[in-house]
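Here is the structure we will look at, set down as structure tokens.
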Amino acid sequence: MSDQFSIAGRTFRSRLMIGTGKYRSFQEMVRCHEASGAEVVTVAVRRVNLTDKSKESMLDYIDRSKYFILPNTAACYTVDDAVRTARLGREVGLSNWVKLEVIGDEKTLYPDVFGLVEATRILAKEGFVVLPYTNDDLITARRLIDAGAAAVMPLAAPIGSGLGIQNHAALRIMREQITEVPLIVDAGVGTASDACVALEMGFDGILMNTAVAAAQDAEKMALAMNRGVEAGRLAFLAGRMERKLYASASSPLTGVIR
0 MSDQFSIAGR
10 TFRSRLMIGT
20 GKYRSFQEMV
30 RCHEASGAEV
40 VTVAVRRVNL
50 TDKSKESMLD
60 YIDRSKYFIL
70 PNTAACYTVD
80 DAVRTARLGR
90 EVGLSNWVKL
100 EVIGDEKTLY
110 PDVFGLVEAT
120 RILAKEGFVV
130 LPYTNDDLIT
140 ARRLIDAGAA
150 AVMPLAAPIG
160 SGLGIQNHAA
170 LRIMREQITE
180 VPLIVDAGVG
190 TASDACVALE
200 MGFDGILMNT
210 AVAAAQDAEK
220 MALAMNRGVE
230 AGRLAFLAGR
240 MERKLYASAS
250 SPLTGVIR
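Going by numbering that gives the first Met the number 0, the sequence shown wraps up at 257, each residue one higher than the last.
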């Protein structure tokens, strides 16, 4: 299906973005990336070997001619840590794009939205393309856009929980009200139907990691996610039928034998 979308002037064919953590091996990660059809691969700057060339690095297994690397600031709990981590990712040549995370709670991994807005403003002024991971609150999303976010990435559920979309109403409101930047659902996806629903709701894309990496057969789940995203997007473009309380016969009465 030819259906592209753009972030900060860069065009992508696949609406599925995928992570690099928790796989059983780098080889499995490579197979999952291929099966997913993703073009964007996220890398946690603080968890990857960037300097010691004598040691194996996750980056050795990412073909940069095929995948666009999106550095992220996972495990950053302060504005200062997040900003310094983003700068490090740019300095070592990963990208001037950043999936920005400023975590506010260790148990839920919910974002610190106040710190997130501040960090977004700082990095956007420094020329970064900022994609902040945030909650499902419309007002927070607007503040992030005002601060310079190139896209907004609301969570479906807590990171790594696999619960799927927990607050459909909030995400639906956000989707209806925000059209000036792409919206990419991030975190909490558990299976292909979750991805399908997110795209059916009209979201521009979805990012996932644990749902694939922690599956019993990660490669098959990556393929399932690929197809779920495509099905959801196609359903959104097709436009679902109106919901009705009562039955409506699918066969007309004209010409019925009496």
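Glycine included, C-beta positions come from ideal geometry on N, C-alpha and C. Values in this document were obtained by computation on a predicted structure and should not be read as measured data.
Taking one C-beta from the stretch 222-240 and one from the stretch 42-58 each time, how about it: are there three or more such pairs within less than 8 Å?
Cβ pair count under 8 Å is below three, so no.
Following the continuous beta strand (DSSP E) through Gly68, name the residue where it begins and the one where it ends.
By 1-based counting over the sequence shown, the position of residue 68 is 69. A small fix is needed here, since residue 68 is Ile in this sequence, not Gly. If you look at Ile68, you'll find it in the beta strand (DSSP E) that goes 67-71.
Whole beta strand (DSSP E) runs in the stretch 72-151 with 3 or more residues, listed along the chain?
Complete beta strand (DSSP E) runs here, min 3: 96-99, 128-133.
Hey, could you find the ends of the beta strand (DSSP E) Gly204 is sitting in?
Along the sequence shown, read from residue 1 onward, the residue named residue 204 stands at position 205. Taken as a continuous stretch (DSSP letters only), the beta strand (DSSP E) holding Gly204 covers 204-207.
Roughly how many angstroms lie between the CA atoms of Leu130 and Val97, to the nearest whole one?
Indexing the sequence shown from 1 puts residue 130 at position 131. Indexing the sequence shown from 1 puts residue 97 at position 98. Near 6 Å, if we compare the C-alpha coordinates of Val97 and Leu130.
Going by beta carbon distance, what residues of the same chain come within less than 8 Å of Phe127, once the five residues before and after it are set aside?
What you label residue 127 is simply residue 128 of the sequence shown in a count that begins at 1. Once the five neighbours on either side are set aside, the close Cβ partners of Phe127 are Ala85, Arg89, Asn95, Trp96, Val97.
Does DSSP classify Val47 as helix, strand or coil?
For the purposes of this step, residue 47 is taken as residue 48 along the sequence shown, with counting starting at 1. Val47 falls in the coil class under three-state DSSP.
So for Arg9, helix, strand or coil by DSSP?
The residue you call residue 9 lines up with position 10 of the sequence shown. Of the three classes helix, strand and coil, the one that applies to Arg9 here is strand, per DSSP.
For Leu170, report the span of its alpha helix (DSSP H) as first-last.
Indexing the sequence shown from 1 puts residue 170 at position 171. Leu170: member of the alpha helix (DSSP H) spanning 167-176, first to last residue.
Cβ distance (whole Å) where Gly114 is taken to contact Thr77 below 8 Å
Here residue 114 refers to the residue found at position 115 of the sequence shown. Here residue 77 refers to the residue found at position 78 of the sequence shown. The pair is a contact, with the Cβ atoms about 7 Å apart (cut-off 8 Å).
For Asp185, three-class secondary structure by DSSP
By 1-based counting over the sequence shown, the position of residue 185 is 186. Strand, per DSSP.
Between the Cα of Gly159 and the Cα atoms of Ala81, Pro110, Ala213, Gly227, which residue gives the shortest distance?
Locating residue 159 in the sequence shown gives position 160, where the first residue counts as 1. When only C-alpha atoms are compared, the closest one is Ala213.
DSSP three-state label for Leu162, please.
Along the sequence shown, one-based indexing puts residue 162 at 163. Correct three-state label for Leu162: coil.
Thinking C-beta only, is Pro153 closer than 8 Å to Ile6?
Taking the sequence shown and counting its residues from 1, the one referred to as residue 6 is at position 7. Taking the sequence shown and counting its residues from 1, the one referred to as residue 153 is at position 154. With respect to the 8 Å criterion, Ile6 and Pro153 are not classified as neighbours on the basis of their beta carbons.
Within the stretch 190-242, note down every full alpha helix (DSSP H) run reaching 4 residues or more, in order along the chain.
Runs of the alpha helix (DSSP H) inside the stretch 190-242: 191-199, 209-212, 217-237.
Helix, strand or coil: how does DSSP classify Leu244 here?
Residue 244 sits at position 245 when you count from the first residue of the sequence shown. Coil.
Taking all protein chains shown into account, do 16 or more other C-beta atoms lie within 10 angstroms of the C-beta of Gly8, making it buried, or fewer, making it exposed?
Reading the sequence shown from its first residue, position 9 is the one you call residue 8. So Gly8 counts as exposed.
Mind checking which residues open and close the beta strand (DSSP E) that includes Met16?
What you label residue 16 is simply residue 17 of the sequence shown in a count that begins at 1. Unbroken beta strand (DSSP E) run through Met16: 15-17.
For Val39, which of helix, strand or coil comes out of DSSP?
Counting from 1 along the sequence shown, the entry for residue 39 is found at position 40. The answer is strand: DSSP assigns Val39 an E or B state.
Could you tell me the alpha carbon to alpha carbon distance between Gly201 and Lys54, rounded to whole angstroms?
Taking the first residue of the sequence shown as position 1, residue 201 is located at position 202. Taking the first residue of the sequence shown as position 1, residue 54 is located at position 55. Roughly 43 Å between the two C-alpha positions.
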